[in-house]
Amino acid sequence: MNTELWVKNGYVFTSEGFRFASIKIKNGIIEALYDSEIEPQKEYENNFIDACGCLVVPGFIDSHVHFNDPGRTNWEGIETGSTAAAIGGTTTIFDMPLNCSPSVTNVKSLQNKRDYLTSKSFIDYALWGGMTGNNVQNKAELAQMSEGIIAWKAFMSDSGIDDFPYVAPDQLEQAMKIAAEQNKILALHAEWQEEINSLTTFYKNQNNMNERMAFLASRPISAEEKAVSSALELAAKYDTTIHLVHISSPKVVELIQQAKKSGMNVTVETCPHYLIFDEKDFLKTGAILKCAPPLRPREEVEGLWECITNGWIDTIGSDHSPCLYSMKNTDSIWDAWGGIQGVQFTWLALLDGALKRKIPLKELLPLGTANVADRFGISENKGRIRPGLDADLVLISLDETTFVAQPSIAFRNKYSPYENRNFLLKVKKTILRGKVIYDDQTGVPEEKYGQYIQSRK
Numbered sequence: 207m208n209t210e211l212w213v214k215n216g217y218v219f220t221s222e223g224f225r226f227a228s229i230k231i232k233n234g235i236i237e238a239l240y241d242s243e244i245e246p247q248k249e250y251e252n253n254f255i256d257a258c259g260c261l262v263v264p265g266f267i268d269s270h271v272h273f274n275d276p277g278r279t280n281w282e283g284i285e286t287g288s289t290a291a292a293i294g295g296t297t298t299i300f301d302m303p304l305n306c307s308p309s310v311t312n313v314k315s316l317q318n319k320r321d322y323l324t325s326k327s328f329i330d331y332a333l334w335g336g337m338t339g340n341n342v343q344n345k346a347e348l349a350q351m352s353e354g355i356i357a358w359k360a361f362m363s364d365s366g367i368d369d370f371p372y373v374a375p376d377q378l379e380q381a382m383k384i385a386a387e388q389n390k391i392l393a394l395h396a397e398w399q400e401e402i403n404s405l406t407t408f409y410k411n412q413n414n415m416n417e418r419m420a421f422l423a424s425r426p427i428s429a430e431e432k433a434v435s436s437a438l439e440l441a442a443k444y445d446t447t448i449h450l451v452h453i454s455s456p457k458v459v460e461l462i463q464q465a466k467k468s469g470m471n472v473t474v475e476t477c478p479h480y481l482i483f484d485e486k487d488f489l490k491t492g493a494i495l496k497c498a499p500p501l502r503p504r505e506e507v508e509g510l511w512e513c514i515t516n517g518w519i520d521t522i523g524s525d526h527s528p529c530l531y532s533m534k535n536t537d538s539i540w541d542a543w544g545g546i547q548g549v550q551f552t553w554l555a556l557l558d559g560a561l562k563r564k565i566p567l568k569e570l571l572p573l574g575t576a577n578v579a580d581r582f583g584i585s586e587n588k589g590r591i592r593p594g595l596d597a598d599l600v601l602i603s604l605d606e607t608t609f610v611a612q613p614s615i616a617f618r619n620k621y622s623p624y625e626n627r628n629f630l631l632k633v634k635k636t637i638l639r640g641k642v643i644y645d646d647q648t649g650v651p652e653e654k655y656g657q658y659i660q661s662r663k
């Protein structure tokens, strides 16, 4: 059987930038790039995809999703989650250790999740392991887990999930030690719980204050700054490699940038909602845009875009955190689930935002491709269009637009803050290891090609 595939006549994104080229793929691996136009030989004519001048970029790697399997499939599930991801050009995800049930905090739950996900995903996937207030003393168990996970995740504030308690300051110190001993990345949700507790108690009692404004006030940037400062101090003490997720403010990015300059091994992630929406959107829309940290003022949003152009932000993850609509449609904003459904639209929204700001796409694309692959030890296979790597590709047209109508939303629960937005580009095809897993004319095929992947670090 012929296992060759050619993608011709596209503007291919490589480490040198965009070039008009054709790509030869064999057995799911990129074999060669050609700058000259390729015409198919007769025996290969059915194995050619004409990109017709589209951008051809590496398949996006989303290092921050919650797909809720096993245990909470009614919130999302790997099948609908990976379908939505493929439609949006994502070919690899790292699934977080909480919001599934049970949370991934021991060897048994990790193996259970691996077994459950087998043959259910349309895209490749890796798994995070959880360090919590309940397991940081179990060094032997965590050592066993470390071989099967992409990295560790811990919360410095309440996670909202009973079996995933946050790590108190002394427990965080223990987590830092363990991650350093294992030479494993520790990712942190960094908000200072004590400050949040105090402010939440205060603002919940302000009966004359708009509830949505009160929620925003209860989780200020200062709570991020304090948590990040504490994490950086401990990481420096134990020489721990850390990754600070969903940072919402350039002030916090600047703190991390100073740590990088001092030689610390630290990276920073932000999310599309902090680059697209602001606090006024939350005040207008409500719980569908509730997240933690919360959305910030517009000047913070634009400041994060400046951080991207400065090269200060390393990765972007969707933090796709779905739930039943009823969990958003509550009487009080305080009771609504905090999380945004967005994996299908992450890179449509981000690339649209860059185009509108006239930011070169070559400055943005690595944050969802090469940077993620390099940081998490999968760059031997993922993250770039280069001979020898997996043929994970996305064809994107800048001559067509995408309007997000409700029926086009692929999530299990059909709502998203991106509904009714129009993006100045369109994903035409998504290719995973040489297989077309999404076509804008035919959709997602029935066969699932997703595989479990591990870090080589």
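The numbering of the sequence shown is my numbering, which starts it at 207 and goes up by one.
The C-beta atom is built at its ideal place from N, Cα and C for all residues, glycine as well.
{"Asked": "Enclosing alpha helix (DSSP H) for valine 280 [first to last residue]", "Found": "Checking the sequence, you will find asparagine at residue 280 rather than valine. First-last for asparagine 280: undefined, no H or E at that position."}
{"Asked": "Beta-carbon contacts of isoleucine 522 that lie in its chain and below 7 Å, excluding the five residues immediately before and after", "Found": "Glu475, Thr476, Cys477, Pro478, Leu556, Leu573, Gly574"}
{"Asked": "Rounded C-alpha distance that separates alanine 429 from glutamine 660", "Found": "33 Å"}
{"Asked": "Assigned secondary structure, isoleucine 649 (DSSP; H/G/I helix, E/B strand, else coil)", "Found": "First, the residue type needs correcting, since residue 649 is glycine and not isoleucine in the sequence shown. Looking at glycine 649 - three-state DSSP - the assignment turns out to be strand."}
{"Asked": "N-terminal and C-terminal residue of the alpha helix (DSSP H) that valine 434 is part of", "Found": "427-444"}
{"Asked": "Contact belief for alanine 291 with valine 549 at Cβ below 8 Å, rounded distance in angstroms", "Found": "5 Å"}
{"Asked": "Residues near glutamate 397 in its chain [Cβ-Cβ closer than 7 Å; skip 5 each side]", "Found": "Met362, Ser363, Arg425, Ala429, Glu430, Ala433, Ala498, Pro499"}
{"Asked": "Buried versus exposed call for tyrosine 480 [16 or more other C-beta atoms within 10 Å across all chains shown]", "Found": "buried"}
{"Asked": "Between the CA atoms of lysine 232 and methionine 207 - distance to the nearest angstrom", "Found": "A caution first: methionine 207 carries a pLDDT of 46, below 50, which makes its placement in the model unreliable, though a value can still be read off. Approximately 12 Å, taken between the alpha carbons."}
{"Asked": "Every unbroken alpha helix (DSSP H) within the stretch 346-412, with a cutoff of 4 residues, ordered by chain", "Found": "375-388, 399-410"}
{"Asked": "Endpoints, beta strand (DSSP E) assigned at tryptophan 212", "Found": "210-220"}
{"Asked": "Between the CA atoms of proline 264 and alanine 238 - distance to the nearest angstrom", "Found": "15 Å"}
{"Asked": "DSSP bridge partner residues for alanine 332 (one or two, in chain order)", "Found": "Phe300"}
{"Asked": "Proline 176 - containing alpha helix (DSSP H), residue span", "Found": "One cannot answer for residue 176 here, as it falls past the ends of the chain, which runs 207 to 663."}
{"Asked": "Proximity to phenylalanine 399 [Cα-Cα], best of Leu378, Tyr240, Met382", "Found": "Looking at the sequence shown, residue 399 is not phenylalanine but glutamine. Taking only the C-alpha atoms, the option nearest glutamine 399 is Leu378."}
{"Asked": "N-terminal and C-terminal residue of the beta strand (DSSP E) that proline 264 is part of", "Found": "261-264"}
{"Asked": "Tyrosine 240 burial status per 10 Å Cβ neighbour count (16 or more: buried)", "Found": "exposed"}
{"Asked": "CB contact flag (threonine 608, leucine 561, <8 Å)", "Found": "no"}
{"Asked": "For glycine 492, the nearest candidate out of Ser454, Lys457, Gly544 (CA to CA)", "Found": "Gly544"}
{"Asked": "Length-filtered (4 minimum) alpha helix (DSSP H) runs lying within the stretch 529-607", "Found": "552-562, 567-570, 576-581"}
{"Asked": "Same chain only: Cβ atoms within 8 Å of asparagine 215, ignoring 5 sequence neighbours per side", "Found": "Phe226, Ser228, Glu243, Asp256, Ala257, Cys258, Gly259"}
{"Asked": "Integer-rounded CB distance, given that phenylalanine 617 should sit under 8 Å from threonine 286", "Found": "6 Å"}
{"Asked": "The alpha helix (DSSP H) enclosing histidine 479, as first and last residue numbers", "Found": "478-482"}
{"Asked": "Sub-8 Å separation of isoleucine 236 and glycine 589 beta-carbons", "Found": "no"}
{"Asked": "Beta strand (DSSP E) segment containing aspartate 241, residue limits", "Found": "Element bounds for aspartate 241: n/a, residue is neither H nor E."}
{"Asked": "DSSP beta-bridge partners of leucine 201", "Found": "What is shown of the chain runs 207 to 663, which leaves residue 201 out entirely."}
{"Asked": "Contact the stretch 398-413 vs the stretch 343-355: 3+ CB pairs below 8 Å", "Found": "no"}
{"Asked": "Contact belief for alanine 597 with glycine 234 at Cβ below 8 Å, rounded distance in angstroms", "Found": "6 Å"}
{"Asked": "Of the listed residues Asp525, Pro276, Ser524, Gln547, nearest to methionine 533 (C-alpha basis)", "Found": "Gln547"}
{"Asked": "heavy atom of the ligand PLP below 7 Å from glycine 589 C-beta", "Found": "The ligand content of the structure shown is nil, which means the ligand PLP is not present either."}
{"Asked": "Nearest candidate by alpha-carbon position, reference threonine 536, set Tyr624, Leu570, Lys496", "Found": "Lys496"}
{"Asked": "Expected contact under 8 Å - CB spacing of aspartate 520 and threonine 473 to nearest Å", "Found": "4 Å"}
{"Asked": "Close Cβ partners of glycine 294 (< 7 Å) along its chain, the five nearest in sequence each way excluded", "Found": "Val549, Gln550, Phe551, Thr552, Trp553, Leu554, Val633"}
{"Asked": "Beta-bridge pairing of lysine 654 - partner residues as DSSP gives them", "Found": "Answer is none; lysine 654 lacks a bridge partner."}
{"Asked": "Of the listed residues Lys486, Phe328, Gly335, nearest to glutamine 317 (C-alpha basis)", "Found": "Gly335"}
{"Asked": "Exposure of glycine 594, with buried meaning 16 or more beta-carbon neighbours within 10 Å", "Found": "exposed"}
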